[in-house]
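Chemist: Quick one: the structure is below, and I'll ask about it shortly.
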Amino acid sequence: MLNVGWLLTTNSQQLIPDQVYTMKLKGRAWKFGDDISTDLIAPGRLFHLRTNLPGLAKHVLEDADPDFAKKVKPGDFVVAGRNFGLGSSREHAAAIIKIAGVGAVLAQSVARIFYRNAINVGLPVLICDTSQMDAGDELEVDVGAGKIKNLTKGAVVETKPLPKAMLNILEDGGLVEHFKKHGGFKLD
Amino acid sequence: MGKTVSEKILSAKSGQDAHAGDIVIAKVDVVMAQDGTGPLTVQKLEELGVEKLPNPRRTVFFIDHAAPSPRKELSNAHRILREFAKRAGAQLSEAGEGVCHQRLLESHVKPGDIVVGADSHTCTSGALGAFATGMGSTDVAIAMASGKTWFRVPETLKMEITGQLPYGVYAKDVILHIIGLIGSDGATYKALEFTGDTVRAMSMSDRFTLCNMAVEAGAKTGLVESDEVTRAFLKERERTWDFEEIKSDEDAEYERSIQINVSGLEPLVATPHMVDNIKPVSKVEGTSIDQVFIGTCTNGRIEDLRVAANILKGNRCHPKVRLLVCPASKGVYLQALDEGLIEVFIEMGGVVLNPGCGACVGVHQGILADGEVCLATQNRNFRGRMGNPEGFIYLASPATAAASAIEGKITDPREYL
Numbered sequence: 001m002l003n004v005g006w007l008l009t010t011n012s013q014q015l016i017p018d019q020v021y022t023m024k025l026k027g028r029a030w031k032f033g034d035d036i037s038t039d040l041i042a043p044g045r046l047f048h049l050r051t052n053l054p055g056l057a058k059h060v061l062e063d064a065d066p067d068f069a070k071k072v073k074p075g076d077f078v079v080a081g082r083n084f085g086l087g088s089s090r091e092h093a094a095a096i097i098k099i100a101g102v103g104a105v106l107a108q109s110v111a112r113i114f115y116r117n118a119i120n121v122g123l124p125v126l127i128c129d130t131s132q133m134d135a136g137d138e139l140e141v142d143v144g145a146g147k148i149k150n151l152t153k154g155a156v157v158e159t160k161p162l163p164k165a166m167l168n169i170l171e172d173g174g175l176v177e178h179f180k181k182h183g184g185f186k187l188d
Numbered sequence: 001m002g003k004t005v006s007e008k009i010l011s012a013k014s015g016q017d018a019h020a021g022d023i024v025i026a027k028v029d030v031v032m033a034q035d036g037t038g039p040l041t042v043q044k045l046e047e048l049g050v051e052k053l054p055n056p057r058r059t060v061f062f063i064d065h066a067a068p069s070p071r072k073e074l075s076n077a078h079r080i081l082r083e084f085a086k087r088a089g090a091q092l093s094e095a096g097e098g099v100c101h102q103r104l105l106e107s108h109v110k111p112g113d114i115v116v117g118a119d120s121h122t123c124t125s126g127a128l129g130a131f132a133t134g135m136g137s138t139d140v141a142i143a144m145a146s147g148k149t150w151f152r153v154p155e156t157l158k159m160e161i162t163g164q165l166p167y168g169v170y171a172k173d174v175i176l177h178i179i180g181l182i183g184s185d186g187a188t189y190k191a192l193e194f195t196g197d198t199v200r201a202m203s204m205s206d207r208f209t210l211c212n213m214a215v216e217a218g219a220k221t222g223l224v225e226s227d228e229v230t231r232a233f234l235k236e237r238e239r240t241w242d243f244e245e246i247k248s249d250e251d252a253e254y255e256r257s258i259q260i261n262v263s264g265l266e267p268l269v270a271t272p273h274m275v276d277n278i279k280p281v282s283k284v285e286g287t288s289i290d291q292v293f294i295g296t297c298t299n300g301r302i303e304d305l306r307v308a309a310n311i312l313k314g315n316r317c318h319p320k321v322r323l324l325v326c327p328a329s330k331g332v333y334l335q336a337l338d339e340g341l342i343e344v345f346i347e348m349g350g351v352v353l354n355p356g357c358g359a360c361v362g363v364h365q366g367i368l369a370d371g372e373v374c375l376a377t378q379n380r381n382f383r384g385r386m387g388n389p390e391g392f393i394y395l396a397s398p399a400t401a402a403a404s405a406i407e408g409k410i411t412d413p414r415e416y417l
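Read top to bottom, the protein sequences are chains H and X. The numbering used here numbers the first residue of the first sequence as 1 and each following residue consecutively. The numbering used here numbers the first residue of the second sequence as 1 and each following residue consecutively.
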């Protein structure tokens, strides 16, 4: 067994949700626009914090909304427009959104690598119509069913649930746990 | 039913008759991570209890994003990679050897391979007729540990590029045009297959530039069929035996075919802060600049440095412009020295950086001041990309970058050719 843990101040355990997929998540919406890049989520100028994810998480989305990292509450939602998470492959972007306590990311569309990374670290992502959701709206999200209730506005948004392969990984708490549990991929 | 290049490679490596939309588990040939993503990959391997890798000779760690290390935290991150590579018998590419994608295409990737890398521009190697794609640290850890990963077989957009490139217009302008056309999410989850007379006539260097930026349109990968140009490229690097012909079938099914005639194309520029904010150089000509950066996995090859040096030779860098030049690998650097190109850059006032990614990613080497403007040959101009969210980045070809360095403002390179 290789020992590198001494240099890394977090481990996957901190990223695993508590059966988040079966739960109805409830929290406030933080609204972001289109094209929120990984440079806005986890900027290159903080490259040296990549081996200190809790330290990096204090700056999550800072360049898109300077208040977010300071004021986000556990269970809140990142609600965005098109093409969320475009750019770099840095998994740290998804990991620090999770560490900041965000329950799920809801977006009109999501860039491919970010989508896979989020599921791999146990951060639910729902691709849905976010146009009627505003900052501060109280939302109730059923990840498994793909259903979002806007309690503030009394509206319901339904979307396709995650593909089975990704739901399996999310249900197991992320890709490392999935792999340990099944000894390989269990995609169907 | 015929197959696209992606479907052929994914079928061969999964042992299934793979078509767009299928989910397959496929063998991966080359797996890599770099110093920004690799420490997390090593951590995941440790959590998995992995002591032995199935394919250590084709598992590569690159120290290129913060190299040589500008701070102690990154020195420690580098040590994680060095120690793991040594214990696991994996390959390590040290500081100065080059940008991961350039090193992969020079020495590691061959046609027909599946390449998985913890870096979004892994798609660059697709120009060799490989299926190469970026993933995160955990996906890459699993691929390193098991020799496999899962894929959703992508639909393919066929980009049929025809016509002679006008004087002063390069592969970089072609891919900027395509991204402007389809948008930064125009190919999300899909493969871009670049074909047509123009692509067949392009050098490998130009094909790498096209595939490198496929991800800027959201694509999973960019690909070019392997042909005689590919064969000659491998032969030059004493890799003749790595050649294999990979072509799509005549009756392959594409989601869409997009015809692009480049014979009327102008030099283009991506303007802040999005890669799909494309404008002809004539529309932004005269924009004052503070820094010019020539290099990266997009445009740091010997062909790019030759174009830039030809324009710069006998001129001086504008006094208010800082010129940074970064050859993409040690091999490129040595060849540029041999050809006298490095001398040109230094004599005209440039700073030549060791091969690496630091300036482009905003880690070190050339971070912009508040309000400063950089014209760069890299692939991204997102806010904050070059280390300062108050900076402004324009993207262009090496020719446009070189001409602009002389003038101190964005300049049409055709005036200098």
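A virtual CB, placed ideally from N, CA and C, is assigned to each residue, including glycine.
1) For X/Arg383, return the contacting residues in chain H, with the cut-off set at a CB-CB distance below 8 Å.
2) Looking at the structure shown, is X/His19 part of a helix, part of a strand, or coil, going by DSSP?
3) What are the complete beta strand (DSSP E) segments, minimum 3 residues, inside the stretch 220-269 of chain X?
4) Is the beta carbon of X/Glu155 within less than 7 Å of some heavy atom of the ligand ADP?
5) With a 10 Å radius around its C-beta and 16 neighbouring C-beta atoms as the bar for buried, classify X/Glu193 as buried or exposed.
6) With a threshold of 8 Å between beta-carbons, can H/Val176 be considered close to chain X, or not?
7) From X/Cys100 to X/Thr59, what does the alpha carbon distance come to, in whole angstroms?
8) Using the beta-carbon of each residue, which ones in chain H are nearer than 7 Å to X/Arg103?
9) H/Ile99 and H/Leu53 look like a contact to me (Cβ under 8 Å); what is the Cβ gap, rounded to whole Å?
10) Chain H beta carbons: is any one of them nearer than 8 Å to that of X/Trp150?
11) Give the DSSP-derived three-state secondary structure of X/Gln291 in the structure shown.
12) Determine the burial state of H/Leu15: buried for a count of at least 16 other Cβ atoms within 10 Å of its Cβ, exposed for fewer.
13) Is the beta carbon of X/Ala328 sitting closer than 8 Å to the one on X/Arg306?
14) Quick one: any contact between the stretch 180-195 of chain X and the stretch 207-214 of chain X, if contact means 3 or more CB pairs under 8 Å?
15) If I measure Cβ to Cβ from X/Leu128 and keep anything under 7 Å in the same chain, skipping five residues before and after, which residues do I get?
16) In chain H, what lies closer than 7 Å to X/Pro166 by C-beta?
17) When you check each C-beta in the stretch 111-138 of chain H against every C-beta of chain X, which residues fall closer than 8 Å?
18) Please check the pair X/Asn388 and X/Ala369, which I expect to be a contact at CB under 8 Å, by giving their CB distance rounded to whole angstroms.
19) Less than 7 Å between C-beta atoms, sequence neighbours within five positions excluded: which residues of the same chain meet that for X/Leu40?
20) Anything in chain H within Cβ reach of X/Leu48, meaning under 9 Å, just list it in chain order.
21) Report the three-state DSSP secondary structure of X/Pro33 (helix, strand or coil).
22) Using a Cβ-Cβ cut-off of less than 7 Å, list which residues of the stretch 344-371 of chain X approach chain H; keep chain order.
23) Just tell me which of X/Glu407, X/Lys172, X/Leu181 and X/Ile393 has its CA closest to the CA of X/Met202.
24) Can you check which of these residues, H/Lys180, H/Asp34, H/Lys181 and H/Phe84, is closest to H/Ile113 by C-alpha distance?
25) Pick out whichever of X/Tyr167, X/Ala219, X/Gly98 and X/Gly186 has its Cα sitting closest to the Cα of X/Ala132.
26) In whole angstroms, give me the CA-to-CA distance for X/Gly349 and X/Asn379.
27) Using a Cβ cut-off of 9 Å, which residues of the stretch 215-232 of chain X contact any Cβ in chain H, in chain order?
28) Which one or two residues does DSSP pair with X/Ser397 in a beta bridge?
29) Mark X/Pro355 as exposed unless 16 or more other C-beta atoms lie within 10 angstroms of its C-beta, in which case mark it buried.
30) Taking its Cβ as the centre, do 16 or more other Cβ atoms sit within 10 Å of X/Arg82, making it buried, or is it exposed?
31) Applying the criterion that 16 or more other CB atoms from any shown protein chain within 10 Å of the CB defines a buried residue, is X/Trp241 buried or exposed?
32) Less than 8 Å between CB atoms is the rule here; does X/Met135 satisfy it with respect to chain H?
33) Taking the CB atoms as reference points, tell me whether X/Thr271 and X/Tyr394 lie closer together than 8 Å.
34) What runs of the beta strand (DSSP E), each 3 residues or longer, lie entirely inside the stretch 45-117 of chain X?
35) Kindly say whether X/Ile142, judged by its beta-carbon, lies nearer than 8 Å to any beta-carbon of chain H.
36) Which ranges does the beta strand (DSSP E) cover as unbroken runs of at least 3 residues, wholly within the stretch 42-102 of chain H, from first to last along the chain?
Modeler: Straight from the coordinates:
1) Ser37, Asp39, Leu40 and Asp63
2) coil
3) 221-223 and 256-261
4) Here there are no bound small molecules, and the ligand ADP is not part of this structure.
5) buried
6) yes
7) 12 Å
8) None at all; the shortest Cβ gap to chain H is about 17 Å.
9) 6 Å
10) yes
11) strand
12) At H/Leu15 the pLDDT is 43, less than 50, meaning the model places this residue with poor confidence; the figure from the coordinates comes in the next sentence. It counts as buried.
13) no
14) yes
15) Leu105, Val109, Lys110, Pro111, Ser226 and Thr230
16) Neighbours of X/Pro166 on chain H: none; closest Cβ ~31 Å, over 7 Å.
17) Ala111, Arg112, Ile113, Arg116, Asn117, Asn120 and Val121
18) 7 Å
19) Ser137
20) Val176, Phe179 and Lys180
21) First, the amino acid is wrong: residue 33 of chain X is Ala here, not Pro. In this structure, X/Ala33 counts as strand in the three-state DSSP scheme.
22) Val361, Gly362 and Val363
23) X/Lys172
24) H/Phe84
25) X/Ala219
26) 24 Å
27) Val215, Glu216, Gly218, Ala219 and Lys220
28) Paired residues: none, contrary to the question.
29) buried
30) exposed
31) exposed
32) yes
33) yes
34) 59-62 and 91-93
35) yes
36) 77-80
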